[in-house]
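The structure under discussion appears below in the form of structure tokens.
There are 2 protein chains.
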Amino acid sequence: MSVGKQRGYHHGDLREALVASGRKLLEEKGIRGFTLRECARRAEVSHAAPAHHFASMDDLLAELVRRGFAELNLAMTAEAARIEGEAAARLVGLGVGYMAFAAANPALFQLMFTREANRIDLKEGDEGAAGIRRLQAAVVDELLADASADVRQRMADFAWATMHGFIALVLEGEIGGRDSSRALKARGLAALAAMAETVVRVSRS
Amino acid sequence: MSVGKQRGYHHGDLREALVASGRKLLEEKGIRGFTLRECARRAEVSHAAPAHHFASMDDLLAELVRRGFAELNLAMTAEAARIEGEAAARLVGLGVGYMAFAAANPALFQLMFTREANRIDLKEGDEGAAGIRRLQAAVVDELLADASADVRQRMADFAWATMHGFIALVLEGEIGGRDSSRALKARGLAALAAMAETVVRVSRS
DNA sequence: TTTGGCCTCTTTCCAGCGTCAAGATATGGA
DNA sequence: TCCATATCTTGACGCTGGAAAGAGGCCAAA
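Quick mapping for you: the protein sequence lines, in order, are chains A and B. Per the working numbering, the first sequence starts with residue 19, numbered consecutively. Per the working numbering, the second sequence starts with residue 19, numbered consecutively.
Below, the structure written as structure tokens:
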């Protein structure tokens, strides 16, 4: 409903409208510039209306984070599926999907991974980043089928740390601040390649 | 002055007191729970007093970040200096210092590396994380003396990404959430070892 | 079709926030 | 000693998140 039409007393789908305006606002102003009242304003609704859909501002932020993880999962899965090659190539693919999502949604990504500093608690049933860990662990386990559980865990740590650290530093401008997008991608791929190579080497030892 | 003594109209060293109370408050409440008025309250001063020492709240936060980078630099330097071994061992040492600082100051560390999302701008002369990059680059260059500038840069990226990513994920509870401190350190050292080994391997090819 | 209950949204209010302006007070050099 | 200046307080403004109370529209049961 309501594309271009006048809306009456009821909004129609305020919850989704708040999620959409909230997400845009988060990217525009950063987490500290995020306000519930501005979200409501952009949804053309009174400042108290959101309370009927989200118990608090943190509740809306938690929903954004939840959807962010779902999308991140999708981005990684899609990129890995595009690759027909071996497990090592798929490991790189997961990293590419991870970085692509982060680059497209920098503020949301940073919020997803600084929930502690921002005191954002997910709901009970919400699994957070567990899906991402599972995606990676599956590929690492495939590469290290003969290794001990300990080695497999350590290589999964290492793989996640490398790809997470690289894009986190890029988002802060600490890596490749002046690089072209093209050059930056090359640097990212180089980091992912070094990571995958290390995992593969362990599998052969 | 003033340990246990009554203080008069003037505080004596309000600037340092605000930095101290601010840092504690940041760790206690997280970035979104940080308020200038609470800093002032803890320094036993009126809510408007900080304005004479910091132009704004962000100005105080920027000062905390600035000092954070200085301390991080020190922690890394000290840990690397403790090590008498080869460059590879010192590279691991830098990572140990990095992680130790982050673990001791989680909220500050996360703020230092999410300035973008938090819209914290450093002052003109402030070099931010450049010192950290230099520390790492020096060791990596030593290991890869014969390599091209491109390879050296990519290995520096890789080294920083791995150690940053690992501790960032630990702070979020994504890695080693249930581990003992001892087990967690072992996992961190394993990640650093895998990283250093990769850099060394490149130097031999 | 009418009616009554419920969900959605608005209005109003509160305390706390960052920041500014104006006034009070102490300090230290002339 | 005196006064300019730096430091701190008080009070005010508009903003925020949240609670409370009432108005408006929807829908199912009668």
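Glycine included, every Cβ here is placed at the ideal spot set by N, Cα and C.
In the structure shown, the three-state DSSP call for residue 147 (chain B) is coil. Against residue 68 (chain B), chain A offers no close residue; the least beta-carbon distance is about 18 Å (beta-carbon pairs closer than 8 Å). If you ignore the 5 residues before and after residue 63 (chain A), its C-beta comes within less than 7 Å of the C-beta of 29, 32, all in its own chain and listed in chain order. For residue 107 (chain A), the CB contacts under 7 Å within the same chain, skipping 5 residues up- and downstream, are 101 in chain order. Cβ neighbours of residue 189 (chain A) within its own chain (closer than 8 Å, five residues either side excluded): 120, 121, 124, 127, 128. Cβ contact annotation for residue 91 (chain A) (same chain, cutoff 8 Å, sequence separation greater than five): 149, 150, 153, in chain order.
The alpha-carbon of residue 41 (chain A) is positioned some 33 Å away from that of residue 158 (chain A). A contact is defined here as three or more CB-CB pairs under 8 Å, and the segment 65-79 of chain B meets this definition with respect to the segment 38-56 of chain B.
The continuous alpha helix (DSSP H) containing residue 116 (chain B) extends over residues 105-122. In this structure, the beta-carbon distance from residue 180 (chain B) to residue 206 (chain A) does not fall below 7 Å. Linking residue 223 (chain B) to residue 164 (chain B) through their CA atoms gives a straight-line distance of about 10 Å. Taking 7 Å as the CB threshold, residue 182 (chain A) lines the interface with chain B.
Residue 97 (chain A) is classed as buried because its beta carbon has at least 16 other beta carbons within 10 Å across all chains shown.
Bounds of any alpha helix (DSSP H) do not take in residue 140 (chain B), whose DSSP letter is neither H nor E.
Listed by position along chain B, the residues whose Cβ is nearer than 9 Å to that of residue 216 (chain A) are 212, 213, 215, 216, 219. Among the residues facing chain A, residue 85 (chain B) is not included, as its CB has no counterpart in that chain under 7 Å away. By the CB criterion at 7 Å, residue 83 (chain A) and residue 117 (chain A) fall outside the cutoff.
No Cβ of chain A is located within less than 7 Å of the beta carbon of residue 55 (chain B). In this structure residue 210 (chain A) is in contact with residue 110 (chain A), their Cβ atoms being roughly 5 Å apart against a cut-off of 8 Å. Only 124, 125, 128, 129, 131, 132, 133, 134, 135, 136, 137 from the segment 112-145 of chain A bring a Cβ to less than 8 Å from some Cβ of chain B. In the structure shown, residue 49 (chain A) adopts helical secondary structure according to DSSP, grouped into three states. Contact of residue 45 (chain B) with chain A is not assigned, every C-beta pair being separated by 7 Å or more. In the displayed model, residue 160 (chain B) falls within a helix according to three-state DSSP. For residue 67 (chain A), same chain residues with a beta-carbon under 7 Å away, outside a window of 5 residues either side, are 32, 58 in chain order. Under the rule that a run must span 4 or more residues, the alpha helix (DSSP H) segments found entirely inside the segment 50-103 of chain A read 54-60, 75-99.
Residue 192 (chain B) counts as buried, since no fewer than 16 other beta carbons sit within 10 angstroms of its beta carbon. Rounded to the nearest whole angstrom, the C-alpha separation of residue 169 (chain A) and residue 161 (chain A) is 11 Å. At a cut-off of 7 Å between C-beta atoms, residue 179 (chain A) counts as an interface residue with respect to chain B. Approximately 6 Å separates the beta-carbon atoms of residue 216 (chain B) and residue 212 (chain A); this is inside 8 Å, confirming the contact.
Listed along chain A, the residues sitting closer than 9 Å to residue 205 (chain B) by beta-carbon distance are 171, 172, 175. For residue 31 (chain B), the secondary structure class from DSSP, reduced to helix, strand or coil, is coil.
Interface flag for residue 147 (chain B) against chain A is set, since a Cβ pair is found closer than 7 Å. In the structure shown, the three-state DSSP call for residue 194 (chain B) is coil. A residue is called buried once 16 or more other Cβ atoms fall within 10 Å of its Cβ, and residue 103 (chain A), having fewer, is exposed. Under the three-state reduction of DSSP, residue 131 (chain A) is assigned to coil, being neither helix nor strand.
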